[in-house]
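The next block holds one structure in the form of structure tokens; read it before the comments.
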Amino acid sequence: MKAGIKGEEEAAYLIDFHFKGSKNNAVIHDLRLEINDRVAQIDHLLINRSLMVFVLETKHFNCGIKINENAEFLRWNDFKKTFEGMPSPVAQNERHIMVLSDAFNLLDMPVRLGIRLKPAFVPYVLVSASSRIDRPKHLDTSQIIKADVLEHTIMQKFDKLGVMDTLGAAARMVSTETLEAIARQLVALHKPITVDYQAKLGLSDQQAAGQAPQSDASVCRKCGSANIGIQYGRFGYYFKCFDCDGNTPLKAACDKDGCKARIRKDGNDFYRECVACNGSTLFFTNL
1 MKAGIKGEEE AAYLIDFHFK GSKNNAVIHD LRLEINDRVA QIDHLLINRS LMVFVLETKH
61 FNCGIKINEN AEFLRWNDFK KTFEGMPSPV AQNERHIMVL SDAFNLLDMP VRLGIRLKPA
121 FVPYVLVSAS SRIDRPKHLD TSQIIKADVL EHTIMQKFDK LGVMDTLGAA ARMVSTETLE
181 AIARQLVALH KPITVDYQAK LGLSDQQAAG QAPQSDASVC RKCGSANIGI QYGRFGYYFK
241 CFDCDGNTPL KAACDKDGCK ARIRKDGNDF YRECVACNGS TLFFTNL
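1 is the number of the first residue of the sequence shown in UniProt numbering; add one for each residue after it.
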């Protein structure tokens with residue numbers, strides 16, 4: 001879990017280092033969209049003046065990943081000493097682009113010769129520079145790159161553009177001011193996570209009134225799903241998403257300043273307890 005957070009921070013740092021502040025690029029981190037009843041939690045967006053939109057999904061694997069010829073992703077379970085399946089981050093990014101495309105349809109985009117300009121989406125999955133990637137021999141996995149070579153990969157992509165792609169990019173070229181306006185419109189569509197815990201837990205109004213409100217972090221930070229449960233791992237308790245297999249940090253701080261809370265498990269119930277103030281509150285229930 002901590003490794004995952006560190007991986008996202010590493011990727012954000014490298015993206016900002018190379019691209020943030022440039023008049024030719026706009027950078028957006030942690031964009032959550034809800035468009036046409038579909039949700040996308042996008043780790044990083046990089047948009048340039050040619051309206052190329054690099055959709056960047058961050059993954060961190062302590063022991064690396066393996067990709068087979070069927071485009072299936074496997075990660076090494078260091079506890080069980082075996083590879084185990086996981087959701088494809090490439091497919092996840094493709095779903096993000098579908099939602100992002102719908103989002104761009106809502107924006108005030110520039111028009112050229114009576115034609116509304118459309119972005120060109122370029123997906124990449126970023127893994128830590130220290131991660132091992134076992135690639136298949138006969139399957140293109142160029143979308144999977146290490147975070148520290150993102151700038152080099154993008155520069156190579158520009159160098160390899162064909163004549164038609166180059167002309168298309170030139171035709172989409174916008175001013176720095178227009179690029180900033182597009183980025184601001186996207187950020188305005190950001191939807192923070194909100195969860196109806198009363199409905200999720202099936203509580204009556206009276207029961208809900210007697211329960212301490214659960215943290216808004218009690219949803220998957222990747223996809224926004226409330227289909228999660230508390231699990232125990234190397235670094236303690238964390239939330240596991242049953243929809244996208246993502247991990248979310250579990251924060252159970254005491255309401256009082258200076259007090260340190262801990263989690264106590266009782267069956268499917270998890271309590272937030274503070275020894276100093278002798279408090280015990282139901283924090284979460286695994287359904």
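We put the beta carbon where it would ideally sit given N, CA and C, even for glycine.
Apart from the 5 residues on each side of it in sequence, Leu-46 sits with its Cβ closer than 7 Å to the Cβ of Ile-15, Phe-19, Asn-25, Val-27, Phe-54, Leu-56 in its chain, given in chain order. The bridge partners DSSP lists for Gln-41 are Arg-32.
Around the beta carbon of Val-149, a 10 Å sphere encloses fewer than 16 other beta carbons of the protein chains shown; the residue is thus reported as exposed.
Partner residues in the beta bridge of Gly-236, as assigned by DSSP, are Gly-233.
In the three-state scheme derived from DSSP, where H, G and I count as helix and E and B as strand, Phe-73 is classed as strand.
Excluding its 5 nearest sequence neighbours in each direction, Gly-246 has C-beta neighbours in its own chain below 6 Å: Cys-220, Lys-222, listed in chain order. In the DSSP assignment, Ala-120 falls within the unbroken beta strand (DSSP E) covering 120-127.
Per DSSP, the beta bridge partners of Asp-266 are Asp-269. A straight line joining the alpha-carbon of Lys-137 with that of Leu-74 spans about 16 Å.
The closest CA to that of Lys-59, considering only Met-155, Thr-178, Ile-133, is found on Ile-133. Fewer than three pairs of CB atoms, one per stretch, sit closer than 8 Å, so the stretch 140-148 makes no contact with the stretch 160-171. If you compare the alpha carbons of Ala-261, Glu-177, Tyr-237, Val-122 with that of Ser-22, the shortest gap goes to Glu-177. With a threshold of 16 other beta carbon atoms within 10 Å, Pro-192 falls short and is exposed.
Judged by DSSP in its simplified three-state form, Thr-141 adopts coil rather than helix or strand. Taking 8 Å as the cut-off, the beta carbon of Tyr-238 is found no closer than this to the beta carbon of Ile-263. Arg-116 is bridged by DSSP to Val-111. Here Asp-269 is exposed, its C-beta having fewer than 16 other C-beta atoms within 10 Å. For Leu-31 against Leu-186, the beta-carbon gap comes to about 7 Å, under 8 Å, which counts as contact.
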